[in-house]
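One structure is given below, encoded as structure tokens.
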Amino acid sequence: MELGQKQYFDYSQRAQWLRGVVLGGLEGLVFTTLLMMNIDQMVTQDQTKSTKLILTGFLGLISGALRIATSELVSVYTQVDILTFQAKRDLKLSGRRRDHHHQHNHHDPHDHDHHDEKTWQMVPNPAQVAVTSSLAYLLVGTVPLLASGFVDQQHNNLRTCIAMISASLSMLLVGGFAAVLGNASIARSCARVLVGGLVAILIMWGKIKIYSWVYV
Numbered sequence: 001m002e003l004g005q006k007q008y009f010d011y012s013q014r015a016q017w018l019r020g021v022v023l024g025g026l027e028g029l030v031f032t033t034l035l036m037m038n039i040d041q042m043v044t045q046d047q048t049k050s051t052k053l054i055l056t057g058f059l060g061l062i063s064g065a066l067r068i069a070t071s072e073l074v075s076v077y078t079q080v081d082i083l084t085f086q087a088k089r090d091l092k093l094s095g096r097r098r099d100h101h102h103q104h105n106h107h108d109p110h111d112h113d114h115h116d117e118k119t120w121q122m123v124p125n126p127a128q129v130a131v132t133s134s135l136a137y138l139l140v141g142t143v144p145l146l147a148s149g150f151v152d153q154q155h156n157n158l159r160t161c162i163a164m165i166s167a168s169l170s171m172l173l174v175g176g177f178a179a180v181l182g183n184a185s186i187a188r189s190c191a192r193v194l195v196g197g198l199v200a201i202l203i204m205w206g207k208i209k210i211y212s213w214v215y216v
């Protein structure tokens, strides 16, 4: 029994920051892939040179990483507040029940302590989630940018193909990374991230096309 307990690991503690990795990675990939696909609508003619294009992409990635870090910090702190106050209410309630049962029965107090410890372990770390999400946005988002950013403007179709292929492979890597560290199904995670990322790119690409038609 002791050997089995030593081998046990609670992977749910990694769920929050792995979620941030997937979210940040997808957001970064969507941004740079769209930048490569819709270069005429998203940058000026003078910026279509490779060096200026890559510089524009990196500036966008940095600002996007800071934006998603701020959003994650605010949203996760909201979650932490709700979980913390709920845990405090549960502690008060369990303390009353423990005193009541102690007067009539003899229950093991360690069962309640284990439940309370488990509850506090599920509270996410906002700074950790924000940092991992922003780093994933910045690092994963550079893949399509570096893969297709040096392709000349005359070969826009080639640039789009390279960006889509590199983005798709990156999505598979992000999904596999999250599944391996979370001890989940690799195939399911990769498929989910790939399909979700492609749908997000399609939605944003359609929005840009509609804007270009309306404001021409």
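Following full-length UniProt numbering, the numbering of the sequence shown begins with 1 at its first residue and continues without gaps. Yeah, the Cβ is synthetic: ideal placement off N, Cα and C, and Gly gets one too.
- If you draw a straight line from the Cα of Y8 to the Cα of T132, it is about 25 Å long.
- In the three-state reduction of the DSSP assignment, V123 falls in the coil class, being assigned neither a helical nor a strand state.
- With 16 or more other CB atoms across the displayed protein chains lying within 10 angstroms of its CB, A136 is buried.
- Within the same chain, Cβ atoms closer than 7 Å to the Cβ of Y77 are found at P126, the five residues on either side in sequence being excluded.
- Around the beta-carbon of F177, 16 or more other beta-carbon atoms lie within 10 Å, marking it buried.
- Between the segment 168–185 and the segment 8–18, the count of Cβ pairs shorter than 8 Å is three or higher; the stretches touch.
- Following the DSSP letters along the chain, one finds R14 in no alpha helix (DSSP H), marked with neither H nor E.
- Apart from sequence neighbours up to five positions away, no residue of its chain approaches K209 with a beta-carbon distance below 7 Å.
- DSSP places A184 in the coil class of the three-state scheme, outside both helix and strand.
- Going by beta carbons, G20 and L138 fall outside the 8 Å limit.
- In this structure, the straight-line span from the alpha carbon of M171 to that of T51 is close to 26 Å.
- The shortest C-alpha to C-alpha distance from V140 to any of D90, W17, L23, C161 is the one to L23.
- For Y8, the secondary structure class from DSSP, reduced to helix, strand or coil, is coil.
- Straight-line spacing of the CA atoms in I186 and T160 works out to 28 Å.
- Cβ contact annotation for T33 (same chain, cutoff 7 Å, sequence separation greater than five): P144, A163, M164, A167, I201, in chain order.
- Burial state of V174 is buried, judged by a 10 Å Cβ sphere holding 16 or more other Cβ atoms.
- With 16 or more other Cβ atoms from the protein chains shown falling within 10 Å of its own Cβ, G64 counts as buried.
- Burial is judged here by how many other beta carbons sit within 10 angstroms of a residue's own beta carbon; S75 has fewer than 16 and is exposed.
- In this structure, L73 keeps its C-beta atom at 8 Å or more from the C-beta atom of A15.
- When the alpha-carbon of W17 is set against those of C190, P124, G60, T70, the nearest one is in P124.
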